[in-house]
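The block underneath contains the structure these notes are about, expressed in structure tokens.
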Amino acid sequence: MSAAEKLKTTYAEYLALELSSGVRHEFVDGFAYAMAGGEPEHARLALSIGAELRSLVRGSPCRVFSSDLKVRVPASGNAYYADVTVVCGPLARHPEDPLTVTNPTMLVEVLSPSTELFDRGEKFADYRLFASLQHYVMVTVGRRRIEHYRRNPDGTWTLTVVTAGEAIALPEFGGGLAVDDVYEGDDAVD
């Protein structure tokens, strides 16, 4: 069933669906979209980048979360499950949904063929509405390529693309994120 065939729902109805269903859903523009299970490569990359980020932020006020953490954009009301979320400082929870946070510092999406256009377009546009967000990272499946968007002090975003042998510079976290470390052990990449 397409979104056009579905009926719009309230956030309260969406929460009831989330609690009663064994499937997670993202809430976008009044519609609930079921999250498909990921491919093994997707799951491995999400875990790998989460582990690398966890090592990087150890000892800081930042915490790394898996795709089980939902983030909600207060400005749009939309809610998503990013593949990896980093929150620096205390968690800001949404008053309607205390299991949801509203202050991510970094969001990571592992790109899937079925969601790549959405992750690059509408979702990134929505993510940019988070005042707290400083980093948006997209990880490519099948080749060593990571795209890193960093928010500048003036609110604009700068894109850096890194490939094999390179790293994302994250000085505020005390280091960087090496592409080869994220993809280590993945024989399916070039």
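Residue numbers (the working numbering): 642 to 831.
Every residue gets a Cβ at the ideal spot worked out from N, C-alpha and C, and that includes glycine.
With 16 other Cβ atoms within 10 Å as the buried cut-off, status of residue i
i	result
N719	buried
E763	exposed
V669	buried
L660	exposed
G691	buried
D760	buried
T801	exposed
A673	buried
S689	buried
A645	Unreliable positioning characterises A645 in this predicted model, as indicated by a pLDDT of 46, which lies under 50. A coordinate reading is not provided.
Chain-order list of residues whose beta-carbon lies under 8 Å from that of residue i (same chain, five-residue window excluded)
i	result
L811	L697, H776, G817, L818
W798	R769, Y777, Y790, R791, R792
F765	Y777, Y790
S643	For S643, the predicted structure reports a pLDDT of 47, less than 50, and the residue's modelled location is therefore unreliable. A value from the coordinates is still provided. There are no such residues.
E825	S689
Segment limits, beta strand (DSSP E) that includes residue i
i	result
F668	666-669
L740	738-742
T763	Inspection of the sequence shows that residue 763 is occupied by Glu rather than by Thr. Looking at the DSSP string, E763 is not in any beta strand (DSSP E); the run it does join, the alpha helix (DSSP H), is 763-768.
V714	Unbroken run through V714: none, as it is neither H nor E.
V749	747-751
V782	Segment: none, V782 is in no beta strand (DSSP E) and carries neither H nor E.
F706	703-706
L800	798-804
Y674	672-675
T726	725-729
Cβ-Cβ separation, residue j to residue i (assumed contact under 8 Å), whole Å
i	j	result
V749	A723	6 Å
E757	Y652	Contact flag wrong, Cβ pair sits at about 27 Å.
H683	S753	6 Å
A675	V664	5 Å
V728	L694	Rounded, the Cβ-Cβ distance is 11 Å, inconsistent with contact.
R685	D795	In fact, because the Cβ distance is near 37 Å, the residues do not count as touching under 8 Å.
Closest residue to residue i among the options (Cα-Cα distance)
i	options	result
A623	L710, S755, E813	Residue coverage of the chain in this structure runs from 642 to 831, which leaves residue 623 outside it and unanswerable.
E680	A808, E654, S755	S755
V782	V742, V823, G671	V823
T746	A772, P739, H735, G826	A772
G815	T743, R699, S662, G806	R699
P731	S701, Y721, V714, Y655	S701
V780	T741, G678, V820	V820
A808	E788, V714, S717, A766	E788
L833	P794, G678, N744	Given that the chain is displayed from residue 642 to residue 831, the structure contains no residue 833 and the question cannot be resolved.
Extent of the continuous alpha helix (DSSP H) to which residue i belongs
i	result
G691	681-698
E659	652-661
D821	820-823
Contacting residues, own chain, Cβ-Cβ under 7 Å from residue i (five flanking each side not counted)
i	result
D687	For clarity, residue 687 is Ala in the given sequence; the question names Asp instead. Excluding positions up to five away in sequence, the list reads S708, D724, V725, V751.
G671	K649, T650
Cβ shell of residue i (< 6 Å), same chain only, five flanking positions each side left out
i	result
R786	T804
C703	V727, C729
D767	V714, S717, N719
H735	R713, T741, T743
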